[in-house]
């Protein structure tokens with residue numbers, strides 16, 4: 036009997052231990068995943084797509100959900116270009132830097148609330164400097180003053196394009212719960228931009244911009260270094276790694292390549308160049324799979340910060356930068372060459388928007404909104420309709436001649452590592468700007484700026500604008 040009781044006691048002990056272990060398995064599983072993310076040096080996902088046919092020339096982990104970081108700004112650009120194409124906006128549509136937009140953390144232009152710029156200048160600042168504040172201001176402009184409206188537009192458009200593994204929560208890609216995409220979906224977006232807005236391709240291959248005080252290089256190092264490179268956008272946060280949506284054209288063939296999760300710009304550009312080069316050599320006739328035929332994913336996006344922002348990951352990047360100085364090949368790739376010239380620099384800045392003089396910060400601000408009262412433009416008989424150009428090449432800002440001294444203080448877009456993910460941006464009251472394009476009919480859009488009437492709660496136009 037004692038033996039039986041002893042065995043029963045042992046059985047209960049073992050059963051309890053099993054329950055404890057089973058209960059701990061989800062936690063252990065998460066720990067193992069985090070450990071794997073920390074130990075692996077190859078968290079990259081990639082895909083290459085032919086723009087004309089949509090055929091997938093190569094792919095690796097392309098359907099995994101990842102963090103898009105600043106490649107999110109491609110959707111913001113898409114919606115701005117779509118608004119111009121539909122004549123809801125124009126190149127000189129005013130983009131207003133609200134206090135809410137100005138509160139966005141770097142990378143940013145740092146304009147004061149109330150600053151006004153043209154939409155085309157704002158797009159270049161967002162795509163070259165990767166300015167988060169400008170991206171937010173563009174979103175408010177295209178979203179009729181409401182960021183909620185604009186984010187809804189982003190997600191509706193993503194679904195319409197077939198980006199089923201994508202969800203946006205802001206216009207600039209700053210980290211937050213619920214924002215994710217995939218290499219496949221970002222390729223779909225890149226292909227859509229190249230197909231639908233060829234006249235505006237210049238926005239995506241601008242090598243550098245200047246605000247008159249400093250020159251800011253494009254973070255996409257394929258430009259000027261890879262044969263045929265002509266776009267598109269970089270991105271980086273710890274959770275995503277170093278991302279790049281790139282495009283290149285040779286002859287009649289244009290490809291879009293996506294690299295997500297690289298450990299540094301050197302590794303990112305090297306891999307992008309390699310898969311693009313292989314893509315140009317691929318036999319399209321032997322490829323059947325198109326980008327929309329790749330499967331969709333599920334679950335949480337892969338967070339690679341355990342490696343990318345670990346001491347091991349940072350050391351690997353530092354070592355590669357040291358090794359780069361002694362390499363004969365640029366970025367260790369036979370497909371990249373040294374850029375033995377200064378980048379082509381385009382001038383950007385404030386002012387020049389329709390119906391607005393140059394707005395100096397702090398002058399004639401609506402106190403509740405941080406927005407300058409625009410200078411009314413009188414009706415003129417010579418006003419003519421603004422038609423979309425066949426190409427923006429004839430409308431680009433003036434080129435700035437930059438000597439070597441200027442480039443000693445070049446500022447990059449996404450290449451400076453951001454603050455820790457738990458660093459919260461400064462709180463700022465949300466700005467409600469109601470933007471009324473009015474009847475467009477091909478003409479430069481006019482914007483009415485409204486504020487809520489405290490008596491009725493309805494939008495009321497300031498007296499100065501009535």
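Residue numbers (this note's numbering): 36 to 501.
Built from N, CA and C at the ideal position, the CB exists for glycine as well.
(1) Taking the alpha-carbon positions, what's the residue 330 to residue 250 distance?
(2) Apart from the five residues just before and just after residue 339, which ones in its own chain have a Cβ nearer than 6 Å to its Cβ?
(3) Less than 9 Å separating the beta-carbons of residue 212 and residue 193?
(4) Less than 9 Å between the C-beta atoms of residue 326 and residue 223, yes or no?
(5) Cα-Cα, which of 334, 342 and 369 is closest to residue 199?
(6) Considering only residues of the stretch 342-369, which uninterrupted alpha helix (DSSP H) runs meet the minimum length of 4 residues and lie entirely inside it, listed in chain order?
(7) Look at the alpha carbon of residue 384 and the alpha carbon of residue 156, and state the distance between them as a whole number of angstroms.
(8) May I have the straight-line CA-CA distance separating residue 186 from residue 360, to the nearest angstrom?
(9) So, do the stretch 141-153 and the stretch 121-132 have three or more beta carbon pairs nearer to each other than 8 Å?
(10) Note down, one range per segment and in chain order, each alpha helix (DSSP H) of at least 4 residues found wholly within the stretch 284-345.
(11) Where does residue 219 fall in DSSP's three states?
(12) Does the beta-carbon distance from residue 262 to residue 285 come in below 9 Å?
(13) From the DSSP secondary-structure annotation, give me the bridge partner or partners of residue 269.
(14) When the distance is taken between beta carbons, is residue 267 closer than 9 Å to residue 288?
(15) Jot down the residue ranges of each uninterrupted beta strand (DSSP E) in the stretch 123-173, minimum 3 residues, whole runs only, in chain order.
(16) Can you give me the Cβ contacts of residue 376 inside the same chain, cut-off strictly under 7 Å, excluding the 5 residues immediately before and after it?
(17) As a quick exercise: from 123, 206, 166 and 344, pick the residue whose alpha carbon is nearest that of residue 298.
(18) To the nearest angstrom, how far is the alpha carbon of residue 372 from that of residue 181?
(19) On the three-state DSSP scale, how would you describe residue 230?
(20) Would you tell me roughly how many angstroms separate the C-alpha atoms of residue 362 and residue 309, rounded to the nearest one?
(21) Determine the extent of the alpha helix (DSSP H) in which residue 274 is found, giving its start and end residues.
(22) With distances taken Cα to Cα, identify the nearest neighbour of residue 389 among 195, 242, 203 and 126.
(23) When the Cα atoms are used, what is the spatial distance from residue 398 to residue 184?
(24) Can you grab the Cα-Cα spacing for the pair residue 481 / residue 128, in whole Å?
Quick look at the numbers:
(1) Straight-line spacing of the CA atoms in residue 330 and residue 250 works out to 42 Å.
(2) Closer than 6 Å at Cβ, skipping near neighbours: 72, 78, 276 and 296.
(3) Not in contact: residue 212 and residue 193 (Cβ atoms no closer than 9 Å).
(4) Less than 9 Å separates the beta-carbon of residue 326 from that of residue 223.
(5) In this structure, 334 is the residue among 334, 342 and 369 with its C-alpha nearest to the C-alpha of residue 199.
(6) Scanning the stretch 342-369 from its first residue to its last, the whole alpha helix (DSSP H) runs of 4-plus residues come out as 346-359.
(7) Going by the C-alpha atoms only, they are around 7 Å apart.
(8) Each residue's alpha carbon lies about 43 Å from the other.
(9) Flag = yes, the stretch 141-153 and the stretch 121-132 touch.
(10) The qualifying runs are 300-316 and 340-343.
(11) When DSSP states are grouped into helix, strand and coil, residue 219 belongs to the helix group.
(12) Annotated as proximal: residue 262 and residue 285, with beta-carbon spacing under 9 Å.
(13) Answer is 279, bridged to residue 269.
(14) When the beta-carbon positions are compared, residue 288 and residue 267 stay at least 9 Å from each other.
(15) Qualifying beta strand (DSSP E) stretches, in chain order: 129-131 and 151-153.
(16) So the list is empty, once near-sequence residues are dropped.
(17) Selected option, being the one with the closest Cα: 344.
(18) Answer to the nearest angstrom: the Cα atoms are 44 Å apart.
(19) Here residue 230 sits in helix by DSSP.
(20) Cα-Cα distance, rounded: 17 Å.
(21) Neither: residue 274 is in no alpha helix (DSSP H) and is coded neither H nor E.
(22) A check of alpha carbon separations from residue 389 across 195, 242, 203 and 126 identifies 126 as the nearest.
(23) Because residue 398 sits at a pLDDT of 33, beneath the cut-off of 50, its placement in the model cannot be relied upon, and the following sentence gives the value as read from the coordinates. For residue 398 and residue 184, the gap between their C-alpha atoms comes out near 29 Å.
(24) For residue 481, the pLDDT reaches just 30, beneath the cut-off of 50, and the residue's location in the model is therefore unreliable, although a value from the coordinates is still provided. Each residue's Cα considered, the two are about 8 Å apart.
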